[in-house]
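Visitor: Once you've had a glance at the structure underneath, I'll fire off some questions.
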Amino acid sequence: MASAAPKFAIERNAQPVPVADRAKLLADPGFGRVFTDHMAVVRYSDAKGWHDAKITARKPLSLDPAAAVLHYAQEIFEGLKAYRLADGGMAMFRPDANARRFRASAERLAMPQISEETFLESIRQLVQIDRDWFPTVEGGSLYIRPFMFASEVFLGVKPSSEYLYLVIISPVGGYFKSGAPAVSLWISQNYTRAAPGGTGAAKCGGNYASSLVAQAEATKHGCDQVVFLDAAEHKWVEELGGMNVFFVFNDGSLQTPPLSGTILPGITRESLMTLARAEGLTVREEPYSIDQWRSDAQSGRLTEAFACGTAAVVTPIGSVKSPDGAFTIGAGGPGQTTLRIKQKLVDIQRGVGADPYGWVSRIG
Ligand SMILES: *Cc1c(COP(=O)(O)O)cnc(C)c1O
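Listed below in structure tokens is the structure:
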């Protein structure tokens, strides 16, 4: 790409979290509650384009009550992790894919696109300055959250003329509190996540806002996550609120719903398909109905199912519940193929396994 990354001005936080307090936080960070000392900020206006790139102290933002994002939800985000490598260094997994997806999401939400170089540079600079925030807990990582929102002070309905792009970092342990070996799913029959022509393939906050009531329904029925069906027929499995889904069959093949425009194109999803195919497994991107899922689980044709995404990595699905009844997948715990493919991915991410695809991007 032609454009060079801008130079980020570095303004160090004059009052960082004291070392002893930080150590306490990093021993058990949980997910998304602990944050580092700095953030990256780049401003955009129609008049000046992208400007004022800096790394600065993490602090609350001051927003006008008429800022467009507060009214019309023009907002997108990304999520990626920095991992500790076996040799003690740090690396990100396929950050260029996140940069491209962020641009695609911006296009769908009528927002300006930030260059891949600026996106990657903002993250590298921020991880560098906050590298001492790497969690000490086993399996920990730095969860990196780039996001962008409409900041123009105007109540008219139109694409904003001003935006803020920011990056924050949360040191994290595991995503699921319970650390359960397999999660339970609730099939939402009252709500859908995305419709044809909608924003299902964009990573925008609005998709999540509309999924919360369905997730609450899942929780009420004692399930960990909600699984969404397609909006037109209420028949085809699409994905979970924030994770893609895979099915494993007794002939060793895998299947995942196709990217039809209503599913978020997960980078974990795509990586797992590549790894499975490299192992010689058949991977189909084909629609799978909820009725087929139930009957295959009951007949034993389906042996495993798992959810995947950056935050949850690869998470076995143990059981599925709906008003029509419940069914168990395999023995209700993690399956062999699920565990093997997860290990393969994690080994690459941690610099333990070979990286034939050039997915690992070392920082510093
Ligand atoms: C982010 C996200 C995923 C997973 O994408 P990854 O790139 O694998 O992290 C899946 N579904 C939804 C709705 C998402 O927002």
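In terms of the working numbering, the sequence shown opens at residue 807 and continues consecutively. A virtual CB, placed ideally from N, CA and C, is assigned to each residue, including glycine.
(1) For Leu1151, does the count of other Cβ atoms within 10 angstroms reach 16, so buried, or fall short, so exposed?
(2) Would the beta-carbon of Leu915 fall within 8 Å of that of Val933?
(3) Could you name the residues of the same chain whose beta carbon sits closer than 8 Å to that of Asp893, not counting the 5 residues immediately before and after it, in chain order?
(4) Since Gly1131 contacts Ala988 with CB under 8 Å, what's their CB separation in whole angstroms?
(5) Can you tell me where the beta strand (DSSP E) with Leu991 in it begins and where it stops?
(6) At which residues does the beta strand (DSSP E) containing Arg951 begin and terminate?
(7) Nearest to Asn1013 by alpha carbon, out of Trp1042, Val1051, Phe883?
(8) Taking its Cβ as the centre, do 16 or more other Cβ atoms sit within 10 Å of Lys813, making it buried, or is it exposed?
(9) Are the CB atoms of Ala1000 and Ala1037 nearer to each other than 8 Å?
(10) Under 8 Å by Cβ, that's how I've got Ile975 and Leu1078 pegged, so tell me the actual separation to the nearest angstrom.
(11) I'd like to know whether the C-beta atoms of Asp843 and Val825 end up nearer to each other than 8 Å.
(12) Would you say the beta carbon of Ile1073 is closer than 7 Å to some non-hydrogen atom of ligand 1?
(13) Relative to the C-alpha of Asp1102, which candidate in Gly895, Gln1061, Val1119 has its C-alpha closest?
(14) Please name the residue or residues paired with Lys1127 in a DSSP beta bridge.
(15) May I ask you to check if the CB of Leu1070 is nearer than 7 Å to at least one heavy atom of ligand 1?
(16) Does the beta carbon of Glu1045 fall short of 7 Å from some heavy atom of ligand 1?
(17) Check Glu968 in the structure and name its three-state DSSP category.
(18) Are the region 845 to 858 and the region 1073 to 1088 touching by the rule of at least three beta carbon pairs closer than 8 Å?
(19) What's the call for Val1166, buried or exposed, on a 16-neighbour Cβ count within 10 Å?
(20) Out of Leu1145, Ile1123, Lys1127, which has the shortest C-alpha to C-alpha gap to Gly776?
(21) Would you report the Cα separation of Phe1052 and Phe1133, rounded to the nearest angstrom?
(22) Any idea what DSSP makes of Pro932, helix, strand or coil?
(23) Would you say Gly1048 touches ligand 1, meaning its beta carbon is less than 7 Å from a heavy atom?
(24) Does the beta carbon of Gln934 come closer than 8 Å to any beta carbon on chain B?
(25) Please report how far the alpha carbon of Gln1031 lies from the alpha carbon of Gln1142, in whole angstroms.
(26) Quick check: the Cα distance between Leu991 and Ala1007, rounded to an integer number of angstroms?
(27) Between which two residues does the beta strand (DSSP E) containing Asp902 stretch?
(28) DSSP three-state label for Ala1024, please.
(29) In the structure shown, what three-state DSSP assignment does Arg1168 receive?
(30) Report, in whole angstroms, the separation of the C-beta atoms of Tyr997 and Val1033, which I expect to be a contact under 8 Å.
(31) Measure how close the beta-carbons of Val959 and Asp858 come, nearest whole angstrom, since I'm counting them as under 8 Å.
(32) Can you give me the C-alpha to C-alpha distance between Ser868 and Leu876, rounded to a whole angstrom?
(33) Who are the near neighbours of Asn1056 in its chain, counting only those whose CB is closer than 7 Å to its CB and skipping five residues on each side?
Guide: Reading it off the structure:
(1) Your numbering for residue 1151 matches position 345 in the sequence shown. Per the 10 Å Cβ criterion, buried.
(2) In the sequence shown, the residue the question calls residue 915 occupies position 109. In the sequence shown, the residue the question calls residue 933 occupies position 127. Against a cut-off of 8 Å, the Cβ pair of Val933 and Leu915 comes out as no contact.
(3) Position 87 of the sequence shown holds residue 893. Result list for Asp893: Gly1157, in chain order.
(4) For the purposes of this step, residue 1131 is taken as residue 325 along the sequence shown, with counting starting at 1. For the purposes of this step, residue 988 is taken as residue 182 along the sequence shown, with counting starting at 1. That pair is no contact at about 19 Å.
(5) As a first step, residue 991 must be located in the sequence shown, where it is residue number 185. 989 to 993 is the span of the beta strand (DSSP E), which, as asked, contains Leu991.
(6) As a position in the sequence shown, residue 951 is number 145, starting the count at 1. 947 to 956 is the span of the beta strand (DSSP E), which, as asked, contains Arg951.
(7) Sequence index remark: in the sequence shown, residue 1013 carries index 207 (1-based). When each option's Cα is compared against that of Asn1013, the closest is Phe883.
(8) Reading the sequence shown from its first residue, position 7 is the one you call residue 813. It is exposed - the Cβ of Lys813 has fewer than 16 other Cβ atoms within 10 Å.
(9) As a working mapping, residue 1000 is identified with position 194 in the sequence shown. As a working mapping, residue 1037 is identified with position 231 in the sequence shown. For Ala1000 and Ala1037, yes; Cβs fall inside 8 Å.
(10) The residue given as residue 975 occupies position 169 in the sequence shown. The residue given as residue 1078 occupies position 272 in the sequence shown. So it is not a contact: roughly 25 Å between Cβ atoms.
(11) Locating residue 843 in the sequence shown gives position 37, where the first residue counts as 1. Locating residue 825 in the sequence shown gives position 19, where the first residue counts as 1. Not in contact: Asp843 and Val825 (Cβ atoms no closer than 8 Å).
(12) Along the sequence shown, read from residue 1 onward, the residue named residue 1073 stands at position 267. Within the cutoff, so yes.
(13) Within the sequence shown, the letter at position 296 stands for residue 1102. Of Gly895, Gln1061, Val1119, the residue nearest in Cα terms is Gln1061.
(14) One-based indexing of the sequence shown puts residue 1127 at position 321. DSSP lists Trp992, Ala1132 as partners of Lys1127.
(15) In the sequence shown, the residue the question calls residue 1070 occupies position 264. True, at least one ligand heavy atom lies under 7 Å from that Cβ.
(16) Translated into positions along the sequence shown, residue 1045 becomes position 239. Answer for Glu1045: yes, Cβ within range of ligand 1.
(17) One-based indexing of the sequence shown puts residue 968 at position 162. Reduced to three states, the DSSP call for Glu968 is strand.
(18) no
(19) By 1-based counting over the sequence shown, the position of residue 1166 is 360. It counts as buried.
(20) Past the boundaries of the shown model lies residue 776; the chain is included only from 807 to 1170, so the question cannot be answered.
(21) Within the sequence shown, the letter at position 246 stands for residue 1052. Within the sequence shown, the letter at position 327 stands for residue 1133. Their Cα atoms are separated by approximately 17 Å.
(22) Residue numbering aside, residue 932 sits at position 126 when the sequence shown is read from its first letter. What sits at residue 932 in the sequence shown is Leu, not Pro. Correct three-state label for Leu932: helix.
(23) Here residue 1048 refers to the residue found at position 242 of the sequence shown. Yes - ligand 1 has a heavy atom lying nearer than 7 Å to the Cβ of Gly1048.
(24) Structure shown: chain B not included; a single protein chain is present.
(25) The count along the sequence shown starts at 1 and reaches residue 1031 at position 225. The count along the sequence shown starts at 1 and reaches residue 1142 at position 336. Spanning the two alpha carbons is a distance of roughly 22 Å.
(26) Within the sequence shown, the letter at position 185 stands for residue 991. Within the sequence shown, the letter at position 201 stands for residue 1007. If you take the alpha carbons of Leu991 and Ala1007, they lie about 22 Å apart.
(27) As a position in the sequence shown, residue 902 is number 96, starting the count at 1. Unbroken run through Asp902 is the alpha helix (DSSP H), 901 to 914; no beta strand (DSSP E).
(28) The sequence position of residue 1024 within the sequence shown is 218, counting from 1. Here Ala1024 sits in helix by DSSP.
(29) Residue mapping note: residue 1168 aligns to position 362 of the sequence shown, counting from 1. Correct three-state label for Arg1168: strand.
(30) On the sequence shown, residue 997 is found 191 positions in, with the first residue counted as 1. On the sequence shown, residue 1033 is found 227 positions in, with the first residue counted as 1. Going by Cβ atoms, the distance from Tyr997 to Val1033 rounds to 11 Å, so no, they are not a contact pair.
(31) Within the sequence shown, the letter at position 153 stands for residue 959. Within the sequence shown, the letter at position 52 stands for residue 858. So it is not a contact: roughly 18 Å between Cβ atoms.
(32) For this step, residue 868 is matched to residue 62 along the sequence shown. For this step, residue 876 is matched to residue 70 along the sequence shown. About 13 Å.
(33) Here residue 1056 refers to the residue found at position 250 of the sequence shown. Counting only Cβ-Cβ distances below 7 Å, and skipping sequence neighbours, we find Gly1106, Arg1107, Thr1109.
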